[in-house]
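Student: Protein chains in written order, with our numbering: chain V, 1 to 265; chain R, 1 to 68; chain B, 1 to 352.
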Amino acid sequence: MRAVKTIYQRPVVFTDEITTYCGGCGHGIINKIIAELIDEMELRDKGVICWPIGCSCLSDLYYKMDQIMCLHGRAPAVATGMKRANPKEFVLVYQGDGDMVSEGMAEIMHAAIRSEKFSIIFVNNAIYGMTGGQMAPTTLLGQHASTAPYGRRIDSSGYPVQMAELMATMPGVIYSERVAVNSPQRILQAKKAIKKAFQLQLEGKGLSFVEVLSMCPTGWSTAPVKALDWVDQKMIPIYPLGVKKDVSEGETVQNEEQELEVRSL
Amino acid sequence: MNKVVIDFERCKECGYCIHFCPKGVLTKGTEINKHSYYPPVVGEGCIACGTCARVCPDAAISVFKEEA
Amino acid sequence: MGERVFMQGNEAMAESAIRAGCKLFFGYPITPSSEVPEYYAKVMRERPEENIMFIQGETETSVFNMIAGAVAAGHRAMTATSGPGFSLGQEAMSYMSAASLPAVIVEVMRPGPADGEILAAQGDYFQATRGGGHGDYNNLVLAPYSVQELCELMQESFDLAEKYHNPVVLLSDAMLAKLRESVELPGYVENEPKPEEKWRTLTGADGRDPHIITTCGRGAIQWERFNLDLQEKFRKIAENEVRYETYNLEDADIVLVAFGCFSRVCISAMKMAREEGMKVGMIRPISLWPFPEEAFRGLDGKKFLVCELNAGQMVQDVKLSVDNKNDVTFYGRLGGQVPTPKEILGEIRKLR
Numbered sequence: 001m002r003a004v005k006t007i008y009q010r011p012v013v014f015t016d017e018i019t020t021y022c023g024g025c026g027h028g029i030i031n032k033i034i035a036e037l038i039d040e041m042e043l044r045d046k047g048v049i050c051w052p053i054g055c056s057c058l059s060d061l062y063y064k065m066d067q068i069m070c071l072h073g074r075a076p077a078v079a080t081g082m083k084r085a086n087p088k089e090f091v092l093v094y095q096g097d098g099d100m101v102s103e104g105m106a107e108i109m110h111a112a113i114r115s116e117k118f119s120i121i122f123v124n125n126a127i128y129g130m131t132g133g134q135m136a137p138t139t140l141l142g143q144h145a146s147t148a149p150y151g152r153r154i155d156s157s158g159y160p161v162q163m164a165e166l167m168a169t170m171p172g173v174i175y176s177e178r179v180a181v182n183s184p185q186r187i188l189q190a191k192k193a194i195k196k197a198f199q200l201q202l203e204g205k206g207l208s209f210v211e212v213l214s215m216c217p218t219g220w221s222t223a224p225v226k227a228l229d230w231v232d233q234k235m236i237p238i239y240p241l242g243v244k245k246d247v248s249e250g251e252t253v254q255n256e257e258q259e260l261e262v263r264s265l
Numbered sequence: 001m002n003k004v005v006i007d008f009e010r011c012k013e014c015g016y017c018i019h020f021c022p023k024g025v026l027t028k029g030t031e032i033n034k035h036s037y038y039p040p041v042v043g044e045g046c047i048a049c050g051t052c053a054r055v056c057p058d059a060a061i062s063v064f065k066e067e068a
Numbered sequence: 001m002g003e004r005v006f007m008q009g010n011e012a013m014a015e016s017a018i019r020a021g022c023k024l025f026f027g028y029p030i031t032p033s034s035e036v037p038e039y040y041a042k043v044m045r046e047r048p049e050e051n052i053m054f055i056q057g058e059t060e061t062s063v064f065n066m067i068a069g070a071v072a073a074g075h076r077a078m079t080a081t082s083g084p085g086f087s088l089g090q091e092a093m094s095y096m097s098a099a100s101l102p103a104v105i106v107e108v109m110r111p112g113p114a115d116g117e118i119l120a121a122q123g124d125y126f127q128a129t130r131g132g133g134h135g136d137y138n139n140l141v142l143a144p145y146s147v148q149e150l151c152e153l154m155q156e157s158f159d160l161a162e163k164y165h166n167p168v169v170l171l172s173d174a175m176l177a178k179l180r181e182s183v184e185l186p187g188y189v190e191n192e193p194k195p196e197e198k199w200r201t202l203t204g205a206d207g208r209d210p211h212i213i214t215t216c217g218r219g220a221i222q223w224e225r226f227n228l229d230l231q232e233k234f235r236k237i238a239e240n241e242v243r244y245e246t247y248n249l250e251d252a253d254i255v256l257v258a259f260g261c262f263s264r265v266c267i268s269a270m271k272m273a274r275e276e277g278m279k280v281g282m283i284r285p286i287s288l289w290p291f292p293e294e295a296f297r298g299l300d301g302k303k304f305l306v307c308e309l310n311a312g313q314m315v316q317d318v319k320l321s322v323d324n325k326n327d328v329t330f331y332g333r334l335g336g337q338v339p340t341p342k343e344i345l346g347e348i349r350k351l352r
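1. Can the beta-carbon of Q231/B be found closer than 8 angstroms to that of E184/B?
2. Return the chain-ordered list of same chain residues with a C-beta closer than 6 angstroms to the C-beta of N138/B, the five sequence neighbours on each side being excluded.
3. Shortest alpha-carbon distance to V91/V belongs to which of S119/V, V101/V, H110/V?
4. Name the DSSP beta bridge partners of M78/B, please?
5. Just checking, does the region 127-138 of chain V make contact with the region 212-231 of chain V on the three C-beta pairs under 8 angstroms criterion?
6. Quick check on T218/V: does DSSP put it in helix, strand or coil?
7. Could you have a look at M413/B and say whether DSSP puts it in helix, strand or coil?
8. R76/B: which of L71/V, Q67/V, A75/V, N86/V sits nearest, CA to CA?
9. Looking only at its chain, what residues have a beta carbon closer than 6 angstroms to the beta carbon of F86/B, apart from the 5 residues adjacent to it on each side?
10. What does the Cβ neighbour count give for Y188/B, buried or exposed, with the cut at 16 atoms within 10 Å?
11. In the region 133-157 of chain B, which residues sit with their C-beta less than 7 angstroms from some C-beta in chain V, listed in chain order?
12. With a cut-off of 8 angstroms on the beta carbons, I'd call K117/V and G204/V a contact; round off their distance for me.
13. Who are the Cβ neighbours of M235/V in its own chain at under 6 angstroms, not counting the five residues just before and after it?
14. So with Cβ pairs under 8 angstroms, would you call E31/R a contact of chain V?
15. Starting from the N-terminal side, write out each stretch of the beta strand (DSSP E) that is 3 residues or longer and does not extend beyond the region 238-322 of chain B.
16. Buried or exposed: which applies to A3/V, given that a residue is buried once 16 or more other Cβ atoms fall within 10 Å of its Cβ?
17. So, is the C-beta of F122/V closer than 8 angstroms to a C-beta in chain R?
18. According to the Cβ coordinates, are I271/V and I33/V closer than 8 angstroms?
19. Buried or exposed for L228/B, going by 16 or more other Cβ atoms inside 10 Å?
20. I need the boundaries of the alpha helix (DSSP H) containing T61/B, first residue and last residue.
21. Along chain V, which residues have their Cβ under 9 angstroms away from the Cβ of E91/B?
22. For the region 17-31 of chain B, enumerate the residues whose C-beta is nearer than 9 angstroms to any C-beta of chain V, in chain order.
23. Which residues in the same chain as C22/B place their Cβ atom closer than 6 angstroms to its Cβ, once the five residues preceding and following it in sequence are excluded?
24. What separation, rounded to the nearest whole angstrom, lies between the Cα atoms of I55/B and L207/V?
25. Between which residues of its own chain and G129/V is the CB-CB distance below 6 angstroms, once the five residues before and five after are set aside?
26. Would you kindly check if the distance between the Cβ of L150/B and the Cβ of L171/B is under 8 angstroms?
27. Compile a chain-ordered list of the residues in the region 212-246 of chain V whose CB is closer than 8 angstroms to at least one CB of chain R.
28. In terms of alpha-carbon separation, which member of P137/V, C57/V, K196/V, K245/V lies closest to V173/V?
29. Nearest-angstrom Cα distance between A197/V and E44/R?
30. To the nearest angstrom, report how far apart I213/B and P167/B are at their CA atoms.
31. State yes or no: is the beta carbon of K12/R nearer than 8 angstroms to at least one beta carbon in chain V?
32. Residues in the region 1-17 of chain V with C-beta within 8 angstroms of chain R's C-beta atoms, listed in sequence order?
33. Pull the bridge partners of K12/R from the DSSP assignment, please.
34. Under 9 angstroms between beta-carbons, which chain B residues line up against E89/V? List them in chain order, please.
35. With a CB to CB cut of under 7 angstroms and the five nearest residues on each side skipped, what residues in its chain are close to K28/R?
36. Under the rule that 16 or more other beta-carbon atoms within 10 Å means buried, what is Y150/V, buried or exposed?
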């Protein structure tokens, strides 16, 4: 009898619930990466996930761990309260583009300003999914959405927001990377980035941020497999992949000396 | 023999596994599940690379490799 | 009880909260509540042994959600704000009530609407007692009338919030907040909630089943059941937490009704009227929600003069509580104007 090796199996932290995501939705892949890392890094017993409003607001059904569903855009604020109350807790904030970049722009920017010590996963699929394909702040110029039926225009809607680059400009952010999940290689890279973000939190460093370009076949009115190409052809030119900032090896943000210097002012 | 196990009811027929399988082991299915999707059919020649499982958004695929 | 001091309402209240074990304060400065975050900020540095954490948030919207997070993690947390800030916090009030999170919010009223003024007023009665945000929910609302009562109710607010797993609003106003008077500060209290009163805290599911906090409906059947459970919570609060004080009701022909700091003016007016031989009594609701309807039972035939620093808000609850609403008269002032006892006396005379 030959030995059988498991190459891939459903993560243990997952429940048996079937997700409410559409076929081919990138959220499923990102949720799965999180579940794999929670298993691998043994985060279940000390972790809390803060879910947003959006397609992922039912995600608490999928994990066997402590979770909280936050209001539109407020997940970084809720996570701030939680992490400040229990600094030893592992807190993961998961937000979509409508949630974070529209309604929660103040919360995310100020969490970065305060250098809150949790990890943020930002899912960018350039559209509002749950509400039914409306324009997001990340919707591309010319991209069709139900509230931009002839394509997004600069004169009325301005420009797509590049969050990973924006976060990289904030002194409180120690790590910012943009990844995608539209191919097996990219999924592995996304997992690597998210793992690093988790590790930095466990080391007690500042805020770590990972933007994930994700497919929304329903919102984009394409077949799932074509949505994979759409990420390559349309999104990546506007949202280039890669590490935007990594100061995790250097000085920690809240440098005691620096603080003393400020106090003497 | 290497094995790909598909959770029939969990599949949403996105086709990512078929698209990315390097050996063309998976093909479009003909049997419908209770959510009205047609999960793929597993054919011969799997090399147990795990790609199909990794890209599946619904964590519906498990892959097992028989050690030589 | 602790020591007797001469202290400002806002600061005495903040000290009482610290002594009630509220170590986490999330705030945003707004007149007339700013001394509370200032007090916490000071204590955080000057009394490090108390482990105080003060965060000045970017908006009240954010601050109220920070409280939700801290309370969800199992800790006492609060904020103090005023009208415009309280409005920004309403989405989180609705959320925390639905999510059964025991937050404590101090609302130091000032005259609205909009930016308004920074003087004393009671125009946020409706906002506090009717929920204030969207959906069917209620806050437990307490309205003290002295710095002493403010301090005591401050401490009790945490117990009540934790007992019912619901936000408690401590309704102060600009007058009470800035008033300095002699107060016996409450002592330090044990803040560990009783196990049976422990809410589902999120601390990592180590050795137990996961705790999940969500306010996301899953179909009409589930969401109606969720709402009925919430209503059951409010019913219990309404049954157990009615508070009020009555004065000279036995022989009274005219009954003044007033709450908060302004009720002190009315008490003086009542005394002046009694000196003139008029039989005047008074009801002072302390819990504004649940409203003390029972205080009005058996008072058939008496005339009620409801005095408020608004255009007539509590008067509606009084009309719902009395046998004949034609017995109810309203006197109110707006914009931060506080009438003197003599002016109230003039109104009482009109009813004779």
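Heads up, the beta-carbon is just placed ideally off N, CA and C, and yes, glycines get one too.
Tutor: Judging by the given coordinates:
1. Not closer than 8 angstroms, so no.
2. G131, F234, W289
3. For the residues S119/V, V101/V, H110/V, the minimum Cα distance to V91/V belongs to S119/V.
4. Per the DSSP secondary-structure output, M78/B pairs in a beta bridge with F25/B, V104/B.
5. yes
6. helix
7. Past the boundaries of the shown model lies residue 413/B; chain B is included only from 1 to 352, so the question cannot be answered.
8. N86/V
9. E107
10. exposed
11. Residues: none.
12. 6 angstroms
13. L213
14. no
15. 244-247, 254-257, 280-285, 287-289, 303-308
16. exposed
17. no
18. The structure shown does not extend to residue 271/V, since chain V is modelled only from 1 through 265, so no value can be given for it.
19. Exposed, by the Cβ-count rule.
20. It spans 60-72 - the alpha helix (DSSP H) in which T61/B sits, taken as one unbroken run.
21. L71, H72, R74
22. K23, L24, F26
23. R76, M78
24. 17 angstroms
25. C55, C216, G219
26. no
27. Shown in chain order are the members of the region 212-246 of chain V whose Cβ falls below 8 angstroms from a Cβ of chain R: P217, A223, P224, V225, L228.
28. K245/V
29. 39 angstroms
30. 15 angstroms
31. yes
32. Those residues of the region 1-17 of chain V that come within reach of chain R (Cβ to Cβ, closer than 8 angstroms) are R2, A3, V4, K5, T6, I7, Y8, Q9, R10, P11, F14.
33. None, per the DSSP bridge assignment.
34. A73, L202, T203, G204
35. I18, Y38, P40
36. exposed
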